[in-house]
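2 protein chains.
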Amino acid sequence: MMTDLQIAKTVTLKPISEIANKLGIDTYQIETYGQYKAKIPLSYIDRNKANNSHLILVSAISPTPAGEGKTTISIGLSEALNQLHKKTTVVLREPSLGPVFGIKGGATGGGHAQVLPMEDINLHFTGDFSAIEKAHNLLAAIIDNNIQSKTVSLQLDPRTISWKRVVDLNDRALRRIIVGLGGTTSGVPRETGFDITAASEIMAILCLAENLTDLKKRLGNIFVGYTYDKQPIYARDLHAEGAMTVLLKDAIKPNLVQTIEGNPAIIHGGPFANIAQGTNSVIATLMGMSHSDYTVTEAGFGFDLGAEKFFDIKCQSANLKPKVVVLTATIRALKYHGGANLNDLTKPNLDALKNGLPNLEKHLENISKFKVPAVIAINKFATDSEEEISLIKAFAKQKNISVALADVWAKGGAGALDLAKEVINIIDTSTSQFEPLYQWNSPVIDKIETIATEIYGAEHVDYSLKAKANLRKISSLGLDNLPICIAKTQKSLSDNPKLLGRPKDFIITIREIEIAAGAGFLIPITGDIMRMPGLPAHPAAEHIDINENGDISGLF
Amino acid sequence: MMTDLQIAKTVTLKPISEIANKLGIDTYQIETYGQYKAKIPLSYIDRNKANNSHLILVSAISPTPAGEGKTTISIGLSEALNQLHKKTTVVLREPSLGPVFGIKGGATGGGHAQVLPMEDINLHFTGDFSAIEKAHNLLAAIIDNNIQSKTVSLQLDPRTISWKRVVDLNDRALRRIIVGLGGTTSGVPRETGFDITAASEIMAILCLAENLTDLKKRLGNIFVGYTYDKQPIYARDLHAEGAMTVLLKDAIKPNLVQTIEGNPAIIHGGPFANIAQGTNSVIATLMGMSHSDYTVTEAGFGFDLGAEKFFDIKCQSANLKPKVVVLTATIRALKYHGGANLNDLTKPNLDALKNGLPNLEKHLENISKFKVPAVIAINKFATDSEEEISLIKAFAKQKNISVALADVWAKGGAGALDLAKEVINIIDTSTSQFEPLYQWNSPVIDKIETIATEIYGAEHVDYSLKAKANLRKISSLGLDNLPICIAKTQKSLSDNPKLLGRPKDFIITIREIEIAAGAGFLIPITGDIMRMPGLPAHPAAEHIDINENGDISGLF
Chain A
1 MMTDLQIAKT VTLKPISEIA NKLGIDTYQI ETYGQYKAKI PLSYIDRNKA NNSHLILVSA
61 ISPTPAGEGK TTISIGLSEA LNQLHKKTTV VLREPSLGPV FGIKGGATGG GHAQVLPMED
121 INLHFTGDFS AIEKAHNLLA AIIDNNIQSK TVSLQLDPRT ISWKRVVDLN DRALRRIIVG
181 LGGTTSGVPR ETGFDITAAS EIMAILCLAE NLTDLKKRLG NIFVGYTYDK QPIYARDLHA
241 EGAMTVLLKD AIKPNLVQTI EGNPAIIHGG PFANIAQGTN SVIATLMGMS HSDYTVTEAG
301 FGFDLGAEKF FDIKCQSANL KPKVVVLTAT IRALKYHGGA NLNDLTKPNL DALKNGLPNL
361 EKHLENISKF KVPAVIAINK FATDSEEEIS LIKAFAKQKN ISVALADVWA KGGAGALDLA
421 KEVINIIDTS TSQFEPLYQW NSPVIDKIET IATEIYGAEH VDYSLKAKAN LRKISSLGLD
481 NLPICIAKTQ KSLSDNPKLL GRPKDFIITI REIEIAAGAG FLIPITGDIM RMPGLPAHPA
541 AEHIDINENG DISGLF
Chain Z
557 MMTDLQIAKT VTLKPISEIA NKLGIDTYQI ETYGQYKAKI PLSYIDRNKA NNSHLILVSA
617 ISPTPAGEGK TTISIGLSEA LNQLHKKTTV VLREPSLGPV FGIKGGATGG GHAQVLPMED
677 INLHFTGDFS AIEKAHNLLA AIIDNNIQSK TVSLQLDPRT ISWKRVVDLN DRALRRIIVG
737 LGGTTSGVPR ETGFDITAAS EIMAILCLAE NLTDLKKRLG NIFVGYTYDK QPIYARDLHA
797 EGAMTVLLKD AIKPNLVQTI EGNPAIIHGG PFANIAQGTN SVIATLMGMS HSDYTVTEAG
857 FGFDLGAEKF FDIKCQSANL KPKVVVLTAT IRALKYHGGA NLNDLTKPNL DALKNGLPNL
917 EKHLENISKF KVPAVIAINK FATDSEEEIS LIKAFAKQKN ISVALADVWA KGGAGALDLA
977 KEVINIIDTS TSQFEPLYQW NSPVIDKIET IATEIYGAEH VDYSLKAKAN LRKISSLGLD
1037 NLPICIAKTQ KSLSDNPKLL GRPKDFIITI REIEIAAGAG FLIPITGDIM RMPGLPAHPA
1097 AEHIDINENG DISGLF
């Protein structure tokens, strides 16, 4: 079997100017990065045109560790819509190097449903992550420099500083560190740590900002810590937001690439959905919508994580009205949720599949809470049996939910024509009445409770002593009106990765609540979830290589 | 007076394809990054053609904190040579964000002798520094992951690991840190630190590598630490070099931009000269030489630092034969070395100037030790008096050294025509007999002693206990044959920044010796020099800003 990279290499790419032309964007206005990548100036966003584009969200059931193929389905669906002569753009997140060198591999789709050039997109791409990392760490350096200074100190209490540093790698040894050792010339010792760049508040800010001015304002609003007199200090108090914005002047522009069938793909921003808001940038989505009749986008991990945040944070923030949710399901994952072993998922097992359906059912119920219609996309694997496929179809029919088998890995857009027709039909006939789950101005604990009970299915929410102190801090800073971005494992609807299927009678435990005053949300951290992942015993990096001709191997 | 950025903005840039054409490189072969930046494939290096290009090294006397304008002189000289119809390329280092946001500002020349687009070159440019940083920190993450692992551990003793992490910022609080806190899931606690990216061994490797295969081999040779059984561990033992090379696949290609007068400039690599080897990449220099009759390049800080390393490390490594050294001197700096106050350098002061001449004299003596002819370039400032200029010219005449006044900040290439004619004359009439100061296969302490006494003018060299232990380690690893890359203050010929002019009767103290087995050199660290700088009380970052139209201010 060919690898994704080998399949990608069989395709002759179109010059990126041709792709820009498909969007009606002038060749001379894009900023090319080599022949096949470009940044699009923000002036090409047209809010009126965007409002007429049909926004399609691709989400998924609770995934196995391998993921269930949301990106692949998004790309395949976009190809199929284009094959049906619907002008469509797929809008995705940028991959993080953490998973690329860790366990999951790249994030550019797979098989015959990929975005290209995959080896560039999966590595540094156009430098957005690096720019975010640098802006984040510049603020950290400025903070420590201010503590160090005798003359310009703001009297920041080092013990209260919540701004950490970030790196786009899985590096668990950096989670908790002590900096500033080595005597008076090398800073003030204090405890801090690194998160992965995908969890950076600046990633969140970039993905919610509407333009350069909004970006700078949000950067200035980043909460840093308290003075010894208990006065809050923000990035603007350190005069950091100008230089940070300068570092992000290109990163704010969305990136244009192409699908394997030569259709436009916009890829921009990359927050994870388990530890951040999990969707691409508002700017990218609006750019896609400004130049397409249909815009396909995705939100990370299961519907409980990325999609909830997409609806409650992003759609409310940018006033977006999604028309339909495509819920990606795999027979493998459903069997896994029904009790089958990870190593046995390729074997037919109707009982396990049946036992796994409640997971699918819960995600469908959750979608209905946002008043948006759904269609189930069964992401086909070669090992799926006819009986297994029929079982899901029967389940969907009984629930009165549309369903389509999608074989995009093997067939590309041609494998998603049924799905595309269902999507068009839903958009043409039903009227999405999108509404968010909660209002931003509700009390913080009500908002958390609503998500935990309504979406996750928890009995109630417990707060650690630290989280309770965080709640008081949020109140004293006047930030109660911010929306909620829960950090939670993707492996379960609960905060315990071992509870598969549709867990019941569980409690969500909030360990602490981070404040993202610049991004404009609060991050309750549940269970054992870490905002800096670790590498596995055998990281994917060990098998990645390049030969003397520049041919790369080992990138999936 | 206009700022550098304002002067830069008065120029209409040529499309980068036009600049490539000037080098005889096909438009379709370069990889553009926007309209004005491109990477050149390595296949355009032609060693035979390169051997026929005249290589000109621009160096300087010991600088003031503001620098004496080597980059500006290099650019202006290149413009002048082109005005004289000599096909010339200037080859420079990439700026680091540390100085950009710290105290020194950008590194793209100044006034009417700049490389453009300066705001891009001074920020992320084409992402080379970020790629180096990521490759460096990936190895660090793999090392800590190996220590953490129960199943694949190489039994690395955490106390022996010499591989640190890097970030391209001035961040003194990261100099000495403890990582791995937080219990069994978050790594093994150990002491380590961050250097600035310009000091990364991978920066050194990239700047010495001749191609992708050589790069990968050098990355594999990076020394990491010892096992508990005292066996050395290299990056290749961790299978890290393939993924690291993949991260550097684009960074290895040199960057093409243009000078303010529309001539080609190749900018690639950026090691500092006080803490690393201080010159651009071998690949960039050879690329320039492959496509030009004259190639102007520079090495950082005073001749004692960058130029010594350029000759002894880079020229020996890549078999380069420089034809002439342009020694940049300013009247300001000579007065400073002659005892004038930093704040009084704009006032005429013949006595101070006379007292400062021994610094210039020592650098000239040092050049002659390499058997390369020299020309003094007086980098003109508006405040220089006629008497002061005459004094230097008389000094040069007495020493039988060529000298030319260069007014490139105000006049661009037209201000360096005299200098260019001197350079052409020297190349046409004299035969450079370049030879290095020492042979690589001499004993380590002899090589260090030779540099310290012959170049710095020290009485002798003292070693700390740690440095002596390092010497034994170097011997046991069989690395005695590597050349020497001394880390030393740029402010003095000695290792004490307060000893100005031509210090005598001083001792060089080696604090420790770092091993760069992949780059292929040893780094004796002298005095108080730090491989991670700090920010000043008022960092330049505070004044850098961007408005809603994307216009940047505060970048010098």
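Residue numbers (the working numbering), protein chains in the order written: chain A, 1 to 556; chain Z, 557 to 1112.
Ideal Cβ positions, reconstructed from N, Cα and C, are used throughout, including at glycine.
Please state whether DSSP places A/K411 in a helix, a strand or coil.
-> helix
Can you give the Cα-Cα distance for A/A173 and Z/K720, rounded to whole angstroms?
-> 12 Å
For Z/K927, I'd like the list of residues in its chain whose CB is within less than 8 Å of its CB, leaving aside the five on either flank, ordered along the chain.
-> S988, Q989, F990 and E991
Where does A/L57 sit, in a helix, a strand or coil, going by DSSP?
-> strand
Are the CB atoms of A/F272 and A/A199 nearer to each other than 9 Å?
-> yes
Applying a beta-carbon distance threshold of less than 7 Å, which residues of chain Z neighbour A/E542?
-> H795
Can you give me the start and stop residues for the beta strand (DSSP E) that Z/R603 sits inside?
-> Taken as a continuous stretch (DSSP letters only), Z/R603 belongs to no beta strand (DSSP E), being part of the alpha helix (DSSP H) at R603 to N607.
Pairwise C-alpha distance: Z/V744 and A/R175 | 11 Å
Neighbour flag for A/S186 against chain Z, beta carbons, 9 Å | yes
Please decide whether Z/V723 counts as near chain A, where near means a Cβ-Cβ distance under 9 Å.
-> yes
Going by other Cβ atoms of all chains shown within 10 Å of its Cβ, with 16 needed for buried, is Z/G692 buried or exposed?
-> Rather than Gly, the amino acid found at residue 692 of chain Z in this sequence is His. Buried.
DSSP beta-bridge partners for A/V179?
-> A/R190
If the cut is a Cβ gap below 7 Å, which residues of chain A does Z/F657 touch?
-> L138 and A243
With 9 Å as the threshold, decide whether the Cβ of Z/T588 is near any Cβ in chain A.
-> yes
Alpha-carbon spacing of Z/K898 relative to Z/T620, whole angstroms | Checking the displayed sequence, the identity of residue 898 of chain Z turns out to be Leu instead of Lys. Answer to the nearest angstrom: the Cα atoms are 8 Å apart.
For the alpha helix (DSSP H) that Z/Y892 lies in, which residues bound it at each end?
-> I887 to H893
Spatial neighbours of Z/G1076 in its chain, beta-carbon cut-off 6 Å, leaving aside the 5 residues before and after | L1038
Over the uninterrupted beta strand (DSSP E) stretch that includes A/D131, give me the two end residues.
-> Residue 131 of chain A is actually Ala in this sequence, not Asp. Element bounds for A/A131: not the beta strand (DSSP E) but the alpha helix (DSSP H), D128 to Q148.
Which first and last residues belong to the alpha helix (DSSP H) in which Z/H919 is found?
-> L906 to S924
Compute the Euclidean distance between the alpha carbons of A/L169 and Z/T886, then round it to the nearest angstrom.
-> 45 Å
For chain Z, find out if any of its Cβ atoms is closer than 9 Å to the Cβ of A/G550; answer yes or no.
-> yes
Roughly how far, in whole angstroms, is the beta-carbon of A/A38 from the beta-carbon of A/I30, given that I think they are within contact range, below 8 Å?
-> 4 Å
CA nearest to the CA of A/A79, picked from A/I260, A/M244 and A/E365 = The question names Ala, yet the displayed sequence has Glu at residue 79 of chain A. Comparing Cα positions, the closest option is A/I260.
Is Z/A791 closer than 9 Å to Z/L775 when the C-beta atoms are compared?
-> yes
Mind checking the region 729 to 741 of chain Z against chain A and listing, in chain order, the residues whose C-beta falls within less than 9 Å of any C-beta there?
-> A729, L730, R731, R732, I733, I734, V735, G736, L737, G738, G739 and T741
Does the Cβ-Cβ distance between Z/A933 and Z/I923 come in under 9 Å?
-> no
Exposed unless 16 or more other CB atoms sit within 10 angstroms - verdict on A/S186 = buried
Determine, using beta carbons only, whether Z/V614 and Z/T853 come nearer to each other than 9 Å.
-> yes
Anything in the region 254 to 271 of chain A with a Cβ closer than 7 Å to a Cβ of chain Z? List those residues in chain order, please.
-> none
Mind checking A/H460: buried by the 16 CB within 10 Å criterion, or exposed?
-> exposed
When A/V100, A/L13, A/V11 and A/Y33 are compared against A/P539, the one with the closest alpha-carbon | A/V100
Over the uninterrupted beta strand (DSSP E) stretch that includes A/T88, give me the two end residues.
-> T88 to L92
For Z/P651, the nearest candidate out of Z/N678, Z/R603 and Z/K865 (CA to CA) = Z/N678
Proximal chain Z residues relative to A/S96, where beta-carbon distance stays under 9 Å = Simply none; closest approach about 11 Å.
For chain Z, is any of its Cβ atoms less than 9 Å away from the one on A/Q490?
-> no
Alpha carbon to alpha carbon, how far is Z/K865 from Z/L947?
-> 31 Å
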